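Visitor:
Residue numbers (this note's numbering): 3 to 270.
1. Name, in chain order, the residues that DSSP records as bridge partners for residue 167.
2. On the DSSP bridge assignment, give the partners of residue 245 in chain order.
3. Taking residue 132 as the reference, give the member of 153, 234 and 192 with the closest Cα.
4. Span of the beta strand (DSSP E) holding residue 178?
5. Taking 8 angstroms as the threshold, find out whether the stretch 254–265 comes into contact with the stretch 58–69 through three or more Cβ pairs.
6. With the cut-off set at 8 angstroms, would you say residue 93 and residue 128 are in Cβ contact?
7. Please determine, among 72, 253, 177 and 250, the residue with the shortest C-alpha to C-alpha distance to residue 237.
8. Please work out which residues of its chain come closer than 8 angstroms, Cβ to Cβ, to residue 202, disregarding the five sequence neighbours upstream and downstream, and give them in chain order.
9. Do you know offhand how far residue 72's Cα is from residue 89's?
10. Give me the residue from 256, 77, 168 and 174 with the minimum Cα distance to residue 227.
11. Hey, which unbroken runs of the beta strand (DSSP E) at 3 residues or more fall wholly within the stretch 51–79?
12. For residue 164, which residues in the same chain have their Cβ closer than 8 angstroms to its Cβ, ignoring the five residues on either side in sequence?
13. In whole angstroms, what separates the C-alpha of residue 51 from that of residue 231?
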């Protein structure tokens with residue numbers, strides 16, 4: 003296995019200064035992007051209702067964060083466009099209650115009785131995604147391969163969330179998809195590209211964005227918005243079985259998936 007070579011530099015060297023500036027710029031960009039995406043979904047009534055529970059942890063999806071590494075490029079860069087997936091956040095509760103519950107349990111999770119025991123995993127996460135026309139297969143319809151990708155992506159976020167919460171080893175080997183079965187229930191519609199001043203400082207989403215309304219050309223006004231639920235069903239050793247459901251406003255199910263992920267024995 004190749005060994006990464008490190009170059010020793012002084013704190014005042016140009017390379018160290020540049021790296022520090024780049025890291026600061028990325029942090030600011032990610033912080034701003036996270037706030038704007040959450041704000042975008044809060045302008046949509048049915049999404050705002052889902053996000054209203056104060057015990058929720060709401061964030062930009064882990065795979066959406068811009069980094070200096072060549073990982074998660076598909077989600078963080080390729081599809082991170084006003085006409086593709088301009089907004090994508092995840093939310094979950096640290097307790098056993100569903101975030102949809104009107105009376106959630108306290109947000110803190112009690113520690114395991116035995117410190118040597120693994121903390122219980124967060125088994126269910128939710129994701130809101132805005133879908134634009136760059137995802138089209140047929141006109142106005144999301145490509146089936148993209149639908150499968152998004153279901154796989156959100157199930158994968160179950161691992162990311164648990165690593166961030168310290169419930170799985172943060173530096174452990176990755177979990178890769180062993181198999182994935184998708185059932186397409188109804189067409190997944192896309193909308194139009196996100197326009198206007200939303201991405202500028204203080205911008206707001208246009209009225210009607212994300213709602214299930216057809217425009218003059220048969221497209222929705224602004225990107226279409228969907229909810230994906232990813233759920234851990236069973237775990238045996240390094241194997242994890244998960245399921246996911248993609249639905250639109252009103253709980254109308256559009257697609258389902260079941261998958262088995264395998265944690266590698268060692269890092270890639």
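Beta carbons: idealized from backbone N, C-alpha and C, even for Gly. Bear in mind the structure is a predicted one, so any value in this text is a computation, not a measurement.
Guide: Short version:
1. Counting from one through the chain shown, the residue named residue 167 turns up at place 165. None; residue 167 has no bridge partner.
2. The residue you call residue 245 lines up with position 243 of the chain shown. 233 and 260, per the DSSP bridge assignment.
3. One-based indexing of the chain shown puts residue 132 at position 130. Nearest option by C-alpha distance: 192.
4. One-based indexing of the chain shown puts residue 178 at position 176. It spans 177–186 - the beta strand (DSSP E) in which residue 178 sits, taken as one unbroken run.
5. no
6. As a working mapping, residue 93 is identified with position 91 in the chain shown. As a working mapping, residue 128 is identified with position 126 in the chain shown. Yes.
7. Taking the first residue of the chain shown as position 1, residue 237 is located at position 235. Checked all of 72, 253, 177 and 250; the closest Cα to residue 237 is 177.
8. Your numbering for residue 202 matches position 200 in the chain shown. Low local confidence applies: a pLDDT of 46 at residue 202 is under 50, so the model's placement there is unreliable, with the coordinate-based value given in what follows. Answer for residue 202: no residue qualifies.
9. In the chain shown, the residue the question calls residue 72 occupies position 70. In the chain shown, the residue the question calls residue 89 occupies position 87. Straight-line Cα distance between these residues: approximately 21 angstroms.
10. Sequence index remark: in the chain shown, residue 227 carries index 225 (1-based). Residue 227 has its Cα closest to that of 256, out of 256, 77, 168 and 174.
11. With a minimum length of 3 residues, the continuous beta strand (DSSP E) runs that stay inside the stretch 51–79 are 58–62.
12. As a position in the chain shown, residue 164 is number 162, starting the count at 1. Cβ within range, chain order: 123, 124 and 170.
13. Taking the chain shown and counting its residues from 1, one reaches residue 51 at position 49. Taking the chain shown and counting its residues from 1, one reaches residue 231 at position 229. Looking at the two C-alpha atoms, the distance is approximately 16 angstroms.
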